[in-house]
Amino acid sequence: MKKVCIIYTGGTIGMVKTPKGYAPRRGYLEKKLNETEDFHNERLPEWDLVELYPLLDSSNMTVREWNVIAEEIEKRYDDYCGFVVLHGTDTMAYTASALSFMLENLNKPVILTGSQIPLCEIRSDARDNLIESLMIAADGKAREVCLYFGGKLLRGNRATKYSADGLEAFRSPNCLYLAEAGIEIKYSNALLRAPSDKPFKVTRLSPIPIGVIKIFPGIQFELFEPIMTDKLRGIVIETFGAGNVPGGENELLPIIKKAIANGTVITVCTQCPNGRVTLGAYETSMMLKDAGAVCGYDLTTEAAVAKLYYLFSRGYDSDKIKELMETDLCGELT
Ligand code: ASP
Numbered sequence: 233m234k235k236v237c238i239i240y241t242g243g244t245i246g247m248v249k250t251p252k253g254y255a256p257r258r259g260y261l262e263k264k265l266n267e268t269e270d271f272h273n274e275r276l277p278e279w280d281l282v283e284l285y286p287l288l289d290s291s292n293m294t295v296r297e298w299n300v301i302a303e304e305i306e307k308r309y310d311d312y313c314g315f316v317v318l319h320g321t322d323t324m325a326y327t328a329s330a331l332s333f334m335l336e337n338l339n340k341p342v343i344l345t346g347s348q349i350p351l352c353e354i355r356s357d358a359r360d361n362l363i364e365s366l367m368i369a370a371d372g373k374a375r376e377v378c379l380y381f382g383g384k385l386l387r388g389n390r391a392t393k394y395s396a397d398g399l400e401a402f403r404s405p406n407c408l409y410l411a412e413a414g415i416e417i418k419y420s421n422a423l424l425r426a427p428s429d430k431p432f433k434v435t436r437l438s439p440i441p442i443g444v445i446k447i448f449p450g451i452q453f454e455l456f457e458p459i460m461t462d463k464l465r466g467i468v469i470e471t472f473g474a475g476n477v478p479g480g481e482n483e484l485l486p487i488i489k490k491a492i493a494n495g496t497v498i499t500v501c502t503q504c505p506n507g508r509v510t511l512g513a514y515e516t517s518m519m520l521k522d523a524g525a526v527c528g529y530d531l532t533t534e535a536a537v538a539k540l541y542y543l544f545s546r547g548y549d550s551d552k553i554k555e556l557m558e559t560d561l562c563g564e565l566t
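Just so you know, we're using the working numbering here: the sequence shown kicks off at 233 and counts up by one.
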């Protein structure tokens, strides 16, 4: 008999209306699932639910909670055929990215899902998202960290929240869907290859001081100079197009050089949801390349942030981290 473990972290899916807006309530979701026959249908796998404490709006998720989720999976890894992580949508793509690095040699599905409308509402996407995620977790075909939402199964470290209010809230513009739920759930051949024969292992993350800078016209780089201390271990720069930045030699270069001299790893990503960075294609990106910035290619910002946390937590030095940032570790880069 197939059995799936649901790890409930919080998010809209289990929220109720309060005078201060939607918020999660202890015990509410499990009670609701137990009372609803659909979640006990014979076509679904059996499931157990582990509720984390405190339940969170995912805006409040940190590295600490990522470690807790990974540890809950590690404790129960041999007891279940797959895991469904119920999570708020706001930072689901960050958590999915982080778990994809943390859960090494994963041989079972770990499916993150949630909903845009709470399960307690008459019209809600929660039911289908959870039911389909349970089926995918029991199927066992997607042996990686995935995100299921609005009929699509996405690679976790390629997903990004695309809509603040639509029910197809996530996309992975640089990676084919892993599966689509039509009349049947159809898997694509974008799924990661052969199962690993190495033992499953969890890497815990540390709260490494990193930053994200989004470039915009008129950005005054000198404002960022004070944060470029040796405390700052990594920065993701979200650049225009294929890696381009304004400011050139006089404004940005001294700041980048200072950061790099401090050992800060600078990763260049693009603000465009689709496509990749090509450092040096334009004069406006050559300077980043010459200064020693890392090319993030088509890494999402979510995956770049998670990967920096992961690589620093593994204790590698800056040179090794630069090399690995440009190397595909678990499907995050094309
Ligand atoms: N603020 C909520 C959260 O991320 C949004 C959601 O779940 O859709 O927890």
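Note that beta-carbon positions come from the ideal geometry of N, C-alpha and C, so glycine has one too. Computed from a predicted structure; not experimentally measured.
Would you say residue i and residue j are within 7 angstroms of each other, going by their C-beta atoms?
i    : j    : result
E481 : V526 : no
L540 : G466 : yes
K393 : A325 : yes
L485 : F453 : no
S365 : R387 : no
I295 : V342 : One point to set straight first is that residue 295 is Val, not Ile, in the sequence displayed. No; because the gap between Cβ atoms is not below 7 angstroms, this pair is not in contact.
D270 : C237 : no
L318 : Y260 : no
L344 : L379 : yes
L437 : W298 : yes
K234 : C352 : no
Let's test the definition: count the other Cβ atoms within 10 Å of the Cβ of residue i and tell me whether it reaches 16, buried, or not, exposed.
i    : result
M247 : buried
N421 : exposed
D530 : buried
I354 : exposed
T327 : buried
N337 : exposed
M367 : buried
N273 : exposed
N292 : exposed
L408 : exposed
E564 : buried
T268 : exposed
T323 : buried
K373 : exposed
G382 : buried
N266 : exposed
K384 : buried
Measuring alpha carbon to alpha carbon, tell me which of the options ends up nearest residue i.
i    : options                   : result
T244 : I451, L366 and S356       : S356
P350 : C378, L366, R257 and L437 : R257
L543 : S291, F333 and H272       : F333
G320 : L561, T533, D397 and R546 : D397
G495 : A536, I343, D549 and I447 : D549
V300 : M367, N292, L284 and R359 : L284
Y370 : D311, K521 and G382       : The residue you asked about is not Tyr; residue 370 is Ala in the sequence shown. A370 has its Cα closest to that of D311, out of D311, K521 and G382.
R390 : I451, E262, N506 and Q348 : N506
P441 : K521, A535, S545 and T532 : S545
I445 : V468, G563 and D462       : V468
R275 : Y254, T566 and I363       : I363
G242 : E278, V282 and E267       : V282
I316 : L287, L335 and G346       : One point to set straight first is that residue 316 is Val, not Ile, in the sequence displayed. The shortest Cα separation from V316 among L287, L335 and G346 belongs to G346.
K430 : E515, L335, R308 and T566 : L335
T533 : N406, Y309 and L520       : N406
P478 : D462, K463 and E515       : E515
I447 : P439, C504, P286 and P458 : C504
C562 : D551, A538, T250 and G547 : A538
Y209 : G524, P458 and V434       : Here the chain covers residues 233 to 566 and nothing more, so residue 209 does not appear.
G524 : A536, D560 and D551       : D551
I415 : T566, M519, D360 and P277 : D360
Beta-carbon within less than 8 angstroms of residue i's beta-carbon, same chain only, minus the 5 sequence neighbours each way: which residues are those?
i    : result
C509 : It is worth fixing the name first, because residue 509 is Val in this sequence and not Cys. Cβ within range, chain order: T471, A474, G475, V500, C501, T502, S517, C527, G528, Y529 and D530.
M460 : I487, K490, A491, N494 and T496
A255 : M247, V248 and D289
A513 : A474 and G475
L464 : P441, I442, G443, A491, N494 and T496
K264 : G246, L351 and C352
Excluding five sequence neighbours on each side, which residues of the same chain lie with their C-beta closer than 7 angstroms to the C-beta of residue i?
i    : result
K418 : A411 and E412
N339 : R375, P427, S428 and F432
K554 : V497 and V526
G547 : none
T179 : For residue 179 there is no data in the structure shown, the boundaries of the chain being 233 and 566.
Tell me which same chain residues have a C-beta within less than 6 angstroms of the C-beta of residue i, skipping the five on either side of it?
i    : result
P286 : none
A535 : S329, N389 and E564
L556 : L543
**Message:** For the stretch 398 to 407 against the stretch 298 to 307, do three or more pairs of beta-carbon atoms, one drawn from each stretch, fall closer than 8 angstroms, so that the two count as touching?
**Reply:** no
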